[in-house]
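Residue 1087 is where the sequence shown starts when you use our numbering, and the numbers rise one by one after that.
Where is the CB? At the ideal position from N, CA and C, for every residue including glycine.
Bear in mind that the values here come from a model prediction, so they are computed numbers and not experimental data.
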Amino acid sequence: MTKKKQQQNQSFDFDLVEKWLENYFLDPLTSYYDQTQFQIDLYETEKEWIVEAILNEFEASEIKVYIEETILMISACKSPPSAILKKSRSIEFPFLVTRQEVSASFTNGILEVLISKTENGLGKNRFITLP
């Protein structure tokens, strides 16, 4: 893909995204949800946003990743006979996540969701399949 095409695919206001990241990490609810639900870390590379969720208590088959417009939703549910363990987190991005290519993987208790900055997605709400 040429550099010109990559720039055309990028529909981000980077000043807005930078402000959003600052607010996300300064929000006291972020720390609260990290402790009561599960920890989430956000990373940025040149080509993608990376969301990492620590879900040690769960198997890949118990985790669901769903994107709806600007929201990434991660939920995990374990239902052993004695009790039901359900945890979930949502992150609202300052851009349409559905317009970006999104993939996910789960290894050693860590869910990694990759949101491309350069590749277009389907443009609709959808579940992201874990391999």
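Positions of the beta strand (DSSP E) runs, each at least 3 residues long and wholly inside the stretch 1174-1207, are given as 1186-1193 and 1196-1206 in order along the chain. The stretch 1140-1147 makes contact with the stretch 1189-1201, as at least three CB pairs between them are under 8 Å. Counting every other CB atom within 10 Å of its CB across the protein chains shown gives Leu1171 a total below 16, marking it as exposed. When the alpha-carbon of Val1151 is set against those of Tyr1110, Glu1134 and Ala1190, the nearest one is in Ala1190. The C-alpha of Thr1193 lies about 25 Å from the C-alpha of Thr1204.
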